[in-house]
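Engineer:
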Amino acid sequence: GQGVEGKDEL
Amino acid sequence: MNIFRLTGDLSHLAAIIILLLKIWKTRSCAGISGKSQLLFALVFTTRYLDLFTSFISLYNTSMKLIYVACSYATVYLIYMKFKATYDGNHDTFRVEFLVVPVGGLSFLVNHDFSPLEILWTFSIYLESVAILPQLFMISKTGEAETITTHYLFFLGLYRALYLINWIWRYYFEGFFDLIAVVAGVVQTILYCDFFYLYVTKVLKGKKLSLPA
Chain A
2 GQGVEGKDEL
Chain B
12 MNIFRLTGDL SHLAAIIILL LKIWKTRSCA GISGKSQLLF ALVFTTRYLD
62 LFTSFISLYN TSMKLIYVAC SYATVYLIYM KFKATYDGNH DTFRVEFLVV
112 PVGGLSFLVN HDFSPLEILW TFSIYLESVA ILPQLFMISK TGEAETITTH
162 YLFFLGLYRA LYLINWIWRY YFEGFFDLIA VVAGVVQTIL YCDFFYLYVT
212 KVLKGKKLSL PA
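Protein sequences appear in the order of chains A and B. Just so we're on the same page, the working numbering is the position in the first sequence counted from 1, plus 1. Just so we're on the same page, the working numbering is the position in the second sequence counted from 1, plus 11.
(1) Would you kindly report the start and end of the unbroken alpha helix (DSSP H) that includes proline 112/B?
(2) Leaving out five residues before and five after tyrosine 209/B in sequence, what residues of the same chain have Cβ atoms less than 6 angstroms from its Cβ?
(3) Can you tell me which of Asp61/B, Gly153/B, Val196/B, Asn121/B puts its alpha carbon nearest to the alpha carbon of valine 79/B?
(4) Have a look at alanine 171/B and alanine 84/B and give me their C-alpha separation to the nearest angstrom.
(5) Could you run through the region 83-94 of chain B and flag, in chain order, every residue whose CB is less than 9 angstroms away from some CB of chain A?
(6) Can you check which of these residues, Ile175/B, Thr199/B, Gly42/B, is closest to asparagine 100/B by C-alpha distance?
(7) With distances taken from CA atoms, which of Lys92/B, Leu88/B, Leu119/B is nearest isoleucine 190/B?
(8) Contact defined as beta carbons within less than 8 angstroms: I believe serine 22/B pairs with leucine 168/B. What is the distance between those atoms, to the nearest angstrom?
(9) Taking only the alpha-carbon atoms, compute the straight-line gap between glycine 195/B and isoleucine 158/B and give it to the nearest angstrom.
(10) Please name the residue or residues paired with glutamate 184/B in a DSSP beta bridge.
(11) Considering only the alpha carbon of each residue, which of Met12/B, Lys215/B, Gly19/B, Met148/B lies closest to aspartate 9/A?
(12) Label aspartate 227/B either buried or exposed according to how many other C-beta atoms from any shown protein chain fall within 10 Å of its C-beta, with 16 as the threshold for buried.
(13) If distances are taken between C-alpha atoms only, which option among Arg180/B, Lys92/B, Glu138/B comes closest to valine 197/B?
(14) Return yes when the Cβ of glutamate 154/B is within less than 8 angstroms of the Cβ of leucine 88/B, no when it is not.
(15) Given a threshold of 16 other Cβ atoms within 10 Å of its Cβ, counted over all protein chains shown, does asparagine 124/B qualify as buried or as exposed?
(16) Which of the three DSSP states is assigned to alanine 155/B in this structure?
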């Protein structure tokens with residue numbers, strides 16, 4: 002998500 | 012996960028594998044910009060540092076590891092194993108003109124002023140322009156091998172599918188990441204000219220060559 006560490010998109 | 016996101020990821024994977032196989036099978040990296048590949052390795056390295064801090068899913072972790080591993084393997088093949096075939100004379104794009112402004116911008120425009128977030132932002136901005144050395148090289152030599160054009164097609168298709176994915180996510184999940192979307196639009200636009208040539212020439216069985 003936005004501005005959080007750990008992104009679900011590649 | 013929607014169909015556009017999944018096919019986008021698979022298209023990205025296809026591009027990476029096509030390039031690796033092309034170099035491996037022909038034992039040559041002629042026509043490939045080592046600089047673009049170095050930039051992509053830098054993109055994946057700075058983006059996937061969250062591998063150390065958070066777990067999203069097995070799919071997420073595996074794909075990130077595969078992308079990183081493949082990008083390093085590609086760089087290794089170009090600069091080490093098949094260095095003799097690397098066309099450095101035509102790979103003359105000044106990457107500092109991309110990396111320095113992109114680095115500055117990622118400090119100025121980001122979601123959160125933290126090291127990991129700034130590096131993620133850097134990778135998003137850098138990815139959007141990382142193909143420029145490759146496109147510059149093709150414009151300099153005036154041609155590209157057909158297999159190289161397939162690589163570029165899948166690489167461009169990946170970000171175009173991500174754009175549709177973001178429209179989908181905006182409507183159905185309320186998800187919206189302005190940084191990723193703007194960079195993704197820029198990235199996709201850079202491929203438009205190439206897409207045109209790919210459809211009008213390569214798909215009709217002709218080699219991609221530019222008028223002198």
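Where a beta carbon is used, it is the ideal one built from N, C-alpha and C, also for glycine. All values reported here derive from a predicted model rather than from experimental measurement.
Structural biologist: Reading off the structure:
(1) As a working mapping, residue 112/B is identified with position 101 in the second sequence. Counting along the chain, the alpha helix (DSSP H) containing proline 112/B begins and ends at 107-119.
(2) Residue numbering aside, residue 209/B sits at position 198 when the second sequence is read from its first letter. If we look at tyrosine 209/B and ignore the five residues flanking it on each side, its Cβ neighbours are Thr160, Phe164.
(3) Sequence index remark: in the second sequence, residue 79/B carries index 68 (1-based). Ranking the options by Cα distance to valine 79/B, first place goes to Asp61/B.
(4) Position 160 of the second sequence, counting from 1, holds the residue named residue 171/B. Position 73 of the second sequence, counting from 1, holds the residue named residue 84/B. If I take the Cα positions, the gap works out to 25 angstroms.
(5) none
(6) Here the question's residue 100/B lines up with position 89 in the second sequence. Residue Gly42/B is the option with its Cα nearest to asparagine 100/B.
(7) Working through the second sequence from its first residue, we reach residue 190/B at position 179. Taking only the C-alpha atoms, the option nearest isoleucine 190/B is Leu119/B.
(8) The residue labelled residue 22/B in the question sits at position 11 within the second sequence. The residue labelled residue 168/B in the question sits at position 157 within the second sequence. Rounded, the Cβ-Cβ distance is 5 angstroms, consistent with contact.
(9) Walking along the second sequence from the start, residue 195/B turns up at place 184. Walking along the second sequence from the start, residue 158/B turns up at place 147. Computed Cα separation, rounded: 24 angstroms.
(10) By 1-based counting over the second sequence, the position of residue 184/B is 173. Its beta-bridge partners do not exist; DSSP assigns none.
(11) Here residue 9/A refers to the residue found at position 8 when the first sequence is read from its first residue. Nearest C-alpha to aspartate 9/A: Met12/B.
(12) Limits of chain B in this structure are 12 at one end and 223 at the other, which puts residue 227/B out of reach.
(13) Looking up residue 197/B in the second sequence gives position 186. Comparing Cα positions, the closest option is Glu138/B.
(14) On the second sequence, residue 88/B is found 77 positions in, with the first residue counted as 1. On the second sequence, residue 154/B is found 143 positions in, with the first residue counted as 1. Going by C-beta atoms, leucine 88/B is not nearer than 8 angstroms to glutamate 154/B.
(15) Here the question's residue 124/B lines up with position 113 in the second sequence. Before going further, note that residue 124/B is phenylalanine rather than asparagine in the sequence given. Label assigned to phenylalanine 124/B: exposed.
(16) Stepping through the second sequence from its first residue, residue 155/B is reached at position 144. Note: alanine 155/B maps to strand in three-state DSSP.
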